[in-house]
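Counting with the numbering used here, you get residues 1261 to 1468 for the letters of the sequence shown.
Input: a single structure, listed below in structure tokens.
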Amino acid sequence: MANGGGANGRYDVLPVTGGKCNGRGSAMRSKPAVGMKTHWLRLMHREALERLDDAGALRGVRPDSNASYLLELIAFELLLKFVAYAAEPANIERKKSFRHDYRKIFDALPLDVQHRLLASAGERIGPSALSDRDRVFADWTANFDGLRYPFEKYEGDTAEEYAARGNQWLSAGGCLEDAMFRFHPQELFGMLYALRVEAQERLQQLQQ
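Have a look at this one:
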């Protein structure tokens, strides 16, 4: 069915960097997580990387499955929350309000962290829809909900109507704006890369 593309599943091994420099010439200024939350944050980071590994393994078996994309979204959410909590521990007290609202979580980051993440993603993938990041985040939030039960979108369709819907979308040029689901795979790849770099450096700070 019309979905606007899928994720590409490419992840590079990130070098381990020392100190508190972000590798791009500016010092990271974050508040350390406090007390027992440190172990919790480490577990969150580990879970995110495991979901990325799961996504890669599943894509190798079923490259046309949306399940691997969902695993990437879970990893994205975990990394984004990890950075939000590590950069500003007060966000931990707000965590129940964040749910899967990626725009809200991103807006809770310090402005310098927001700019660094978007710049890092842009360096990785070039010009992209992240220039309107709120719209991309909204699509990802909708995908997290909708792709778990995608058949719900077509409850009233017959088999013929379902097939016709996809054919009409393709014959009209497969416009992203008209897709039922908009994946933004390159943007997700870029943000995952940026978040992994940022999260790795903050993880090292937790361990100091």
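Just so it is clear, CB atoms sit at the ideal spot from N, CA and C, and this is done for glycine as well.
For residue i, three-class secondary structure by DSSP
i	result
M1440	coil
E1415	coil
P1410	helix
S1388	coil
G1426	helix
L1452	helix
C1281	The predicted model places C1281 with a pLDDT of 41, which falls under 50 and marks its position as unreliable; any figure quoted below should be read in that light. Residue state, collapsed to three classes: strand.
L1369	coil
G1316	helix
A1402	helix
A1432	coil
Between the CA atoms of residue j and residue i - distance to the nearest angstrom
i	j	result
F1411	M1440	11 angstroms
G1426	D1417	12 angstroms
L1485	Y1329	Limits of the chain in this structure are 1261 at one end and 1468 at the other, which puts residue 1485 out of reach.
R1395	S1388	12 angstroms
L1312	L1430	30 angstroms
G1450	F1397	13 angstroms
L1466	I1334	22 angstroms
N1326	L1407	7 angstroms
Q1446	K1355	27 angstroms
Y1414	V1457	39 angstroms
A1315	L1331	5 angstroms
G1285	D1399	Confidence at G1285 is low in this model, with a pLDDT of 42, below 50, so its placement is unreliable and the value that follows should be read with caution. Looking at the two C-alpha atoms, the distance is approximately 33 angstroms.
S1380	F1358	24 angstroms
R1221	E1348	Nothing can be reported for residue 1221: it is not among the residues displayed for the chain, which extend from 1261 to 1468.
I1385	R1376	14 angstroms
K1297	A1454	23 angstroms
N1403	H1444	10 angstroms
Q1428	R1442	17 angstroms
D1367	A1317	32 angstroms
V1373	L1452	14 angstroms
Y1409	E1310	23 angstroms
Integer-rounded CB distance, given that residue j should sit under 8 angstroms from residue i
i	j	result
G1382	L1390	7 angstroms
V1343	A1432	That pair is no contact at about 39 angstroms.
L1479	A1350	Any answer about residue 1479 is impossible in this case: the structure gives the chain only from 1261 up to 1468.
Cutoff 8 angstroms: residue i Cβ touching any chain C Cβ
i	result
G1426	The chain labelled as chain C is not found in the depicted structure, where only one protein chain is given.
Whole alpha helix (DSSP H) runs in the stretch 1320 to 1363 with 4 or more residues, listed along the chain? Assignment of alpha helix (DSSP H) within the stretch 1320 to 1363, counting only whole runs of 4 or more residues, yields 1327 to 1347, 1355 to 1358 in chain order.
Per the contact definition of three or more C-beta pairs closer than 8 angstroms, is the stretch 1337 to 1353 in contact with the stretch 1301 to 1315? At 8 angstroms Cβ cutoff, the stretches touch.
Between the stretch 1420 to 1436 and the stretch 1318 to 1325, do three or more beta carbon pairs fall short of 8 angstroms? Judged by pairs of C-beta atoms under 8 angstroms, the stretch 1420 to 1436 does not touch the stretch 1318 to 1325, as fewer than three such pairs exist.
Pair every Cβ in the stretch 1348 to 1368 with every Cβ in the stretch 1415 to 1429, then say whether three or more of these pairs are closer than 8 angstroms. Taking a cut-off of 8 angstroms for Cβ pairs, the stretch 1348 to 1368 and the stretch 1415 to 1429 do not touch, as fewer than three such pairs fall below it.
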